[in-house]
Amino acid sequence: MMKTINDNGLNTELQELYLVNKQWLQDLEFLDTELRFLENRFAESFAPLMSKNNVATMKELLMAATSIDKVNLLLKKEIHSFLKQIEGQLLKQEADFGMELLERHAQLMNEITEIMQAYHLVKSKVFKLAQKALKSDPYLNVSAIG
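Quick note on the numbering used here: the sequence shown kicks off at 514 and runs consecutively.
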């Protein structure tokens, strides 16, 4: 027997859940923009930072950014699917749904937290690399980085 939650106010809670997931989609779209920014910085501006000491780090950062990008794409698809599931519950006009809906929401929240933490780590490493390069080469074209 499936566990369900019955409550007249649950329709409102489903709507809130829907809105939270819509916000997550916007956050992930913003992450797309941020990733494109970092990739463009590598392509356009970080060429002066290339040195034998930085190549491995830059390769690691590019691979991490690519991985984040792939996870981001999958998460957006999962959230779209989850939103359709919530919409179905809202259209039924019933305040009766399985606990798996709430469990899935919690799982998505954890996945989004993880991807955002991974992105912030990569971004931090990119800026540390730029700082390191600027300190090691005072003649580096600063305008090319910023």
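Just so it is clear, CB atoms sit at the ideal spot from N, CA and C, and this is done for glycine as well.
Query: Indicate whether the contact test is met: 3 or more Cβ pairs, each with one atom in the segment 527-535 and one in the segment 591-608, closer than 8 Å.; Result: yes
Query: What does a CB cutoff of less than 7 Å around A578 pick up in its chain, not counting 5 residues either side in sequence?; Result: L548, L551, E552 and V635
Query: If you follow the alpha helix (DSSP H) that K589 is part of, which residue opens it and which one closes it?; Result: V568 to L604
Query: Between the Cα of F595 and those of V639, Q630 and M622, spot the shortest distance and give me the residue it belongs to.; Result: M622
Query: What does a CB cutoff of less than 7 Å around K645 pick up in its chain, not counting 5 residues either side in sequence?; Result: none
Query: Restricting to Cα atoms, I'd like to know which of T525, L586, A569 and I592 is closest to Q536.; Result: I592
Query: Can you name, in chain order, every residue of its own chain whose Cβ lies under 8 Å from the Cβ of N585, other than the five neighbours on each side?; Result: L541, L544, D545, L548 and I628
Query: What's the gap between the Cα of L527 and the Cα of T626?; Result: 21 Å
Query: Less than 8 Å between the C-beta atoms of F555 and M571, yes or no?; Result: yes
Query: Return the chain-ordered list of same chain residues with a C-beta closer than 7 Å to the C-beta of R617, the five sequence neighbours on each side being excluded.; Result: F595
Query: When the Cα of L588 is compared with those of V639, T525 and Q620, which residue comes out closest?; Result: Q620
Query: Return helix, strand or coil for N524, following the three-state DSSP convention.; Result: helix
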